[in-house]
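Heads up: the sequence lines are chains A and B, in that order.
If you read the first sequence in our numbering, its first letter stands for residue 24, the second for the next number, and so on.
If you read the second sequence in our numbering, its first letter stands for residue 24, the second for the next number, and so on.
Just so you know, even glycine gets a beta-carbon here, dropped at the ideal spot from N, CA and C.
Remember, it's a predicted structure, so these values are computed and weren't measured experimentally.
Protein chains: 2
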Amino acid sequence: MTTSMSTEPTPRYQEIAEYLRRLIAASQPGDRLPSEAELCDRFGVSRMTVRQALSVLANEHLLIRRRGEGTFAAPRVVARLLGSPLSFTESMRRRGLRASSRLLHAGWIEPSVEDRAALHLPLGSRAVVVERLRLADERPMAIERVVTPPSCAGILDQDLEHGSLHDAFERLGRIPTRAQARVSARRATDIERRLLGLDPDGVLLSERRTIDDQEGTPIEHTETLYAAERYEFEAVLQRGADAELT
Amino acid sequence: MTTSMSTEPTPRYQEIAEYLRRLIAASQPGDRLPSEAELCDRFGVSRMTVRQALSVLANEHLLIRRRGEGTFAAPRVVARLLGSPLSFTESMRRRGLRASSRLLHAGWIEPSVEDRAALHLPLGSRAVVVERLRLADERPMAIERVVTPPSCAGILDQDLEHGSLHDAFERLGRIPTRAQARVSARRATDIERRLLGLDPDGVLLSERRTIDDQEGTPIEHTETLYAAERYEFEAVLQRGADAELT
DNA sequence: GGGCAGAAGATGTCTAGACAGGTCTGTCAT
DNA sequence: ATGACAGACCTGTCTAGACATCTTCTGCCC
């Protein structure tokens, strides 16, 4: 049994994980997923290989395993690690969804007081704004408004419909290094409801964050308004040997 | 009868993980850890068992594995929330507010499916619940519902009106060490509105979290409902050498 | 000394089983 | 009807290997 796949072989467990991601994306939360034995048969692999795929997805909270019962699609859409460098695109892909954007507006503005403070802009300075509607499988997930200082105006020349904004920053030599975020919630306005396709009781999760580059210079002040009924934040906290305060 | 979490012995891979946790705690970030082969010898188990222990810790970002090189203590924590959700009391104190509680309910319950999964409870096991209204300078801020396993029932004997629940855990020898949290938002119900003193459009920030003790055993599964108009989460992320998560 | 090939050592992927323990269902005896 | 129990099914834990791939070190040759 020579396994002679020498041309960049994707591990079997990743194939199985991909299959399950799609299955979960097409399932209702709580739906039963194939048992380990069924997956062994379907993919012709041993049980440990199937279990490796399942443990990857369990760690991402995409499925829940209950001994004696079975494996089930995880409740709800969990989105992104709070403050994580994971892009919107990448976190959607892990959930078997295809991310895209619709550019709402891009150009120069007079920054608000909050924008100025976050980006350390002098009074009278202008700023660059990019507003996009973020979609997952064509379904609106969030409204994003990014404000950057004049020194980053180069991003206006990049592909804002398909590319990642963070990649655009890196091409300009500015590496996103440190982020501060604040998360709050409020009811949606009429305009926001229409853009996101929410019902009249629609609630928004707001993430306002500031990102610094490798030199500690602020390069981005962003507010992202997520449809709360379809999006959650996730955070992992480790209490280390440091009770360090601010 | 308090008891009995389970009659089964601790799995070998958890023993090994515990050994490694202590080793990592005593190491500098980047230090080399024992190789898989060394761990196999030391504990007299097969390689897959050692790998299971290692993958648990890798998922917690406590160590980093590099193919061909070895396994190393992880370089620092990836993300930390300020005003840490590890303790309401502590986060209020940092904001210069005095935290207090009004006990709504405390006792034994039949845990929900989600509670059971989060706390690794067997079917039929009961659980302890504590529901409190959390106040900051006498102003209602959040409704908190804590579910803990029978092994932590001792917290029922503690002062739940004034003391910190986490201090109570530590007095039981269970040190809250790691937390996973998910943050979402929704409208408040009538009861919640009344408890928190919200207006009819009131929105809640919901934080559902699970906390593990120093041995990785879940000790708390909590949902906290914050008055969104008076509360925000803050997070700070420092990007280290974490280009390789997954 | 410099360069290169190979050995050694490390993790990654995978097999084909085994037994244990939790959950559910249907049947049989009460 | 109801309760007890057996069996089917499912995930959890673990073994004792195998080959692949990647990195680093070593020693030989030029």
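ask   = Going along the chain, which residues of the region 196-224 of chain B sit with their C-beta nearer than 9 Å to a C-beta in chain A?
value = 198, 199, 200, 201, 202, 203, 204, 205, 206, 207, 208, 209, 210 and 224
Can you tell me which of the three DSSP states residue 203 of chain A falls into? Numbered from its first residue, the first sequence carries residue 203 of chain A at position 180. Reduced to three states, the DSSP call for residue 203 of chain A is strand.
Identity of the residue in B:158, B:73 and B:144 nearest residue 34 of chain B by Cα: On the second sequence, position 11 is the one that residue 34 of chain B refers to. Selected option, being the one with the closest Cα: B:73.
Notebook entry, point to check: Residues in the region 85-98 of chain A with C-beta within 7 Å of chain B's C-beta atoms, listed in sequence order?
Noted result: Against chain B - using a Cβ distance shorter than 7 Å - the residues of the region 85-98 of chain A are 87 and 89.
Rounded to the nearest angstrom, what separates residue 173 of chain A and residue 155 of chain A at their Cα positions?
For the purposes of this step, residue 173 of chain A is taken as residue 150 along the first sequence, with counting starting at 1. For the purposes of this step, residue 155 of chain A is taken as residue 132 along the first sequence, with counting starting at 1. Computed Cα separation, rounded: 19 Å.
Exercise for review: Give the C-beta separation of residue 226 of chain B and residue 208 of chain B to the nearest angstrom, bearing in mind that I take them to be a contact with Cβ-Cβ under 8 Å.
Suggested key: Working through the second sequence from its first residue, we reach residue 226 of chain B at position 203. Working through the second sequence from its first residue, we reach residue 208 of chain B at position 185. Sure, about 6 Å apart at Cβ, within 8 Å.
Residue 215 of chain B and residue 124 of chain B - do their beta-carbons sit closer together than 8 Å?
To locate residue 124 of chain B, count along the second sequence from 1; it is residue 101. To locate residue 215 of chain B, count along the second sequence from 1; it is residue 192. Taking 8 Å as the Cβ cut-off, residue 124 of chain B and residue 215 of chain B do not qualify as a contacting pair.
*Count the other CB atoms within 10 Å of the CB of residue 60 of chain A; is the residue buried (16 or more) or exposed (fewer)?*
Along the first sequence, read from residue 1 onward, the residue named residue 60 of chain A stands at position 37. Its Cβ having fewer than 16 others within 10 Å, residue 60 of chain A is exposed.
Practice problem: State yes or no: is the C-beta of residue 228 of chain A within less than 8 Å of the C-beta of residue 191 of chain A? | Solution: The count along the first sequence starts at 1 and reaches residue 228 of chain A at position 205. The count along the first sequence starts at 1 and reaches residue 191 of chain A at position 168. With respect to the 8 Å criterion, residue 228 of chain A and residue 191 of chain A are not classified as neighbours on the basis of their beta carbons.
Select from the region 53-70 of chain A all residues with a C-beta closer than 7 Å to any C-beta belonging to chain B, and list them in chain order.
-> none
Are the C-beta of residue 257 of chain B and some C-beta of chain A separated by less than 8 Å? The residue given as residue 257 of chain B occupies position 234 in the second sequence. At least one chain A Cβ lies under 8 Å of residue 257 of chain B.
So the candidates are A:249, A:64 and A:47; which of them puts its Cα closest to the Cα of residue 85 of chain A? Counting from 1 along the first sequence, the entry for residue 85 of chain A is found at position 62. Nearest of A:249, A:64 and A:47 to residue 85 of chain A, Cα basis: A:47.
**Asked** From the beta carbon of residue 251 of chain A, is the nearest beta carbon of chain B less than 8 Å away?
**Response** Stepping through the first sequence from its first residue, residue 251 of chain A is reached at position 228. Yes, residue 251 of chain A lies at the interface with chain B (some Cβ there is under 8 Å from its Cβ).
Cα-Cα separation, residue 142 of chain A to residue 245 of chain A: Position 119 of the first sequence, counting from 1, holds the residue named residue 142 of chain A. Position 222 of the first sequence, counting from 1, holds the residue named residue 245 of chain A. Looking at the two C-alpha atoms, the distance is approximately 11 Å.
Would you kindly work out how many angstroms separate the C-alpha atoms of residue 237 of chain B and residue 195 of chain A, rounded to a whole number?
-> Counted from its first residue, the second sequence places residue 237 of chain B at position 214. Counted from its first residue, the first sequence places residue 195 of chain A at position 172. So the two alpha carbons sit approximately 43 Å from each other.
Bridge-paired residues (DSSP) for residue 132 of chain A: As a first step, residue 132 of chain A must be located in the first sequence, where it is residue number 109. Residue 132 of chain A pairs with A:150.
Item checked: Where residue 156 of chain A meets chain B, residues with beta-carbon distance less than 7 Å -> Counting from 1 along the first sequence, the entry for residue 156 of chain A is found at position 133. Within chain B, no residue comes near residue 156 of chain A; the closest Cβ sits about 19 Å away, beyond 7 Å.
Return the residues of the region 126-141 of chain B that lie within a Cβ-Cβ distance of less than 9 Å from chain A, sorted by chain order. 136, 137, 139 and 140
* To do: Throw me the rounded Cβ distance for the residue 234 of chain B and residue 202 of chain B pair, which I believe falls under 8 Å.
  => Taking the first residue of the second sequence as 1, we reach residue 234 of chain B at position 211. Taking the first residue of the second sequence as 1, we reach residue 202 of chain B at position 179. Right, the Cβ-Cβ distance comes to about 5 Å (below 8 Å), so this counts as a contact.
Practice task
With DSSP collapsed to three states, give me the class of residue 68 of chain B.
Solution key: Counting from one through the second sequence, the residue named residue 68 of chain B turns up at place 45. It is coil, neither helix nor strand.
Practice item. Can you check DSSP and say which residues form a bridge with residue 222 of chain B? Key: Sequence index remark: in the second sequence, residue 222 of chain B carries index 199 (1-based). Per DSSP, none; premise fails for residue 222 of chain B.
* Asked: Could one say the Cβ of residue 170 of chain B lies closer than 8 Å to chain A's Cβ atoms, at least one of them?
  -> Locating residue 170 of chain B in the second sequence gives position 147, where the first residue counts as 1. Chain A contact via Cβ: absent.
TODO: Run down chain A in chain order and give the residues with a C-beta less than 7 Å from the C-beta of residue 226 of chain B.
DONE: By 1-based counting over the second sequence, the position of residue 226 of chain B is 203. In chain order, 208, 209, 210 and 226 make up the part of chain A whose C-beta sits under 7 Å from the C-beta of residue 226 of chain B.
Which of the three DSSP states is assigned to residue 190 of chain B in this structure? Position 167 of the second sequence, counted from the first residue, corresponds to residue 190 of chain B. DSSP places residue 190 of chain B in helix when its eight states are reduced to three.
Q: Report the option in A:247, A:232, A:111 and A:248 whose CA atom is closest to the CA atom of residue 241 of chain A.
A: The count along the first sequence starts at 1 and reaches residue 241 of chain A at position 218. Checking every option, the nearest Cα to that of residue 241 of chain A belongs to A:232.
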